[in-house]
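Student:
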Amino acid sequence: RILPRLLSLSLPSSPTSKLLIRPSRLPPRGPFLPRCAALSQLAAPQTVDHSDEPQEVQVKLPLDRLFLPPGASVTPGDEEVVTARVLKGSNIVLGTYARGDAQVVNADFIKSSVRPDDCPRDGLPEFALVGRSNVGKSSLLNSLVRRKRLALTSKKPGKTQCINHFKINDSWYLVDLPGYGYASAPQVARKDWDEFTRNYFLSRDNLVSVFLLIDASIPAKNIDLDYASWLGQNKVPMTLVFTKCDKRKKKKNGGKRPEENVECFQNLIREYFEAAPPWIMTSSVTNQGRDEILLHMSQLRNYWRKH
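With the numbering used here applied, the sequence shown corresponds to residues 147 to 453, in that order.
1. In the DSSP assignment, what residue or residues form a beta bridge with Met-443?
2. Classify Glu-417 as helix, strand or coil using the three-state DSSP reduction.
3. Need the endpoints of the beta strand (DSSP E) that Asp-372 sits in, please.
4. List the whole-angstrom C-beta distance separating Phe-213 from Asn-252, where the pair is believed to meet the contact cut-off of C-beta under 8 Å.
5. Which term fits Thr-432, buried or exposed, when burial requires 16 or more other beta carbons within 10 angstroms of its beta carbon?
6. Using 8 Å for Cβ pairs, my map puts Leu-323 next to Val-276. What's the rounded Cβ distance?
7. Would Gly-241 pass as a contact of Pro-215 if the rule is Cβ separation under 8 Å?
8. Consult DSSP for Tyr-449 and reduce its assignment to one of helix, strand or coil.
9. Quick check on Ser-284: does DSSP put it in helix, strand or coil?
10. Helix, strand or coil: which one does DSSP assign to Arg-278?
11. Evaluate contact between the stretch 355-362 and the stretch 261-280, counting only Cβ atoms and requiring at least three cross-stretch pairs below 8 Å.
12. Taking C-beta to C-beta, are Glu-226 and Leu-209 nearer than 8 Å?
13. Suppose contacts are defined by Cβ-Cβ distances below 8 Å. Is Tyr-319 in contact with Gln-445 by that definition?
14. Per DSSP, Leu-358 is paired with what?
15. What are the complete beta strand (DSSP E) segments, minimum 3 residues, inside the stretch 193-267?
16. Would you mind stating whether Cys-410 and Pro-365 have Cβ atoms separated by less than 8 Å?
17. Quick check: the Cα distance between Asp-247 and Glu-272, rounded to an integer number of angstroms?
18. Under a Cβ-count criterion, where at least 16 other Cβ atoms within 10 Å of its own Cβ denotes burial, should Gly-223 be classed as buried or exposed?
19. Between the alpha carbons of Val-387 and Asp-437, how many angstroms are there, rounded?
20. From Asn-310 to Asp-263, what does the alpha carbon distance come to, in whole angstroms?
21. Report yes if the CB atom of Pro-383 is closer than 8 Å to the CB atom of Val-408, and no otherwise.
22. Suppose the cutoff is 7 Å on Cβ atoms and the five residues either side in sequence are ignored; what does the same chain contact list for Asp-370 look like?
23. Beta carbon of Asn-315: closer than 7 Å to some heavy atom of the ligand NAP?
24. To the nearest angstrom, how far is the alpha carbon of Val-260 from that of Val-321?
25. Would you report the Cα separation of Gly-217 and Trp-450, rounded to the nearest angstrom?
26. Ser-375 and Tyr-418: beta carbons closer than 8 Å?
27. Do you know offhand how far Arg-230's Cα is from His-442's?
28. To the nearest angstrom, report how far apart Lys-283 and Ile-426 are at their CA atoms.
29. Can you look up Asp-392 in the DSSP assignment and give me helix, strand or coil?
30. Pull up the distance between the alpha-carbon of Gly-341 and that of Leu-233, whole angstroms please.
31. Run through the DSSP bridge pairs and tell me what Asn-433 is partnered with.
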C-alpha cells in the first residue's frame, strides 16, 4: 500500500518545467484534537537576533506555505483554527489522525540489509531517514527514541552503510539509510549505496514517508536540492527535517542563523515545487522538534493504516 497523500506530484513536461503539486481527494475533515505541548500559536514575524544564545523563533506563515495532513482541509473561515494547529518550528498542521500513540515506548534494532528484498517483510509502516553524510541521522534517531546508542554515531562520515531497521513499539519502523555525498568513500561503495537506497524508495510498498535531513547550520547545498527533486519526480512522500538548529554562527563572521538557512532552502524549493512540502526544525542536542516529528509520524501512520 502506498500512502494516499495530500500532495500529488505531476512530472514536468520539459527539462525547464517546474514540478507541480496538486491537492488530492481526501475524506471530510473531522474535529480538531485538544491542544498539546508541541503545538504553538503562531506569533507575528520577528526580527532575528544574532546573539549566541540559542532560541527558537516561530514566525507566521501564510496558508499556502502550510502542509495540511491527510484527512484535513481548509474551508472559508477556518484560517485562524488552522494556523493555531501548526506544530512549533514547522509548517505542519496537526490533524485528526494525530492520536495518543505518538510516544516511543520501546525500540529495538531488527536487522541490516543491503537489498530491499532482504528487508523485513511483515508489512509494518516505515519511515526512512536519509541525508548527506554527517548531517546527524543517527543522532536524530537516538533523540527520537530517547536512547543514546540505539544507532551508533561517529565523527567520521559514512558510518551507516546498510538499510538498518529499528522496530518501534512493536508496530512500526524507523529506517536508517546510508548518507549521500561522502566524497572520501570509494566510488564503487558510493554507487552501491545510492543504488540500493533508491531501489528501496521505489520498491517498498509500506514506506509511509522519507524524512530528508538537511543541515540548517550551513547554507543550502545543491546535492540536497537535487535529492529532494528526485524524490518529488518519483512521487516518493517526503518531509524535510532541518538538523543542528541549535548551532549559532556569529554574524560578524558572515554566518547565518538556522532560521535564515531554512528560509533560504524553502525559497529554493519553491523553484521546483508549487506547494511547500512538510518541514520541521530539529536539534538532537536540545531535543527541539522531537515531539513534533513523532506527532507528524503518528498522523501519517494512522492515515496509512486506515487507507
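Ideal Cβ placement from N, Cα and C applies to all residues, glycine included.
Everything numeric in this text was worked out from a predicted model, so none of it was measured.
Tutor: This is what the structure holds:
1. Met-443 pairs with nothing; no bridge assigned.
2. coil
3. That residue, Asp-372, is in no beta strand (DSSP E); its alpha helix (DSSP H) goes 368-379.
4. Wrong, their Cβ atoms sit about 29 Å apart, outside the cutoff.
5. exposed
6. 4 Å
7. yes
8. helix
9. helix
10. strand
11. yes
12. no
13. no
14. Val-276 and Leu-386
15. 253-259
16. yes
17. 15 Å
18. exposed
19. 13 Å
20. 13 Å
21. no
22. Arg-278 and Ile-360
23. As presented, the structure is devoid of all ligands, the ligand NAP included, so that no description of it is given.
24. 13 Å
25. 11 Å
26. yes
27. First, the amino acid is wrong: residue 230 is Ala here, not Arg. Approximately 16 Å, taken between the alpha carbons.
28. 14 Å
29. coil
30. Sequence inspection shows Glu at residue 341; the Gly mentioned does not correspond to that position. Approximately 34 Å between the Cα atoms of the pair.
31. DSSP output for Asn-433 lists no bridge partner at all.
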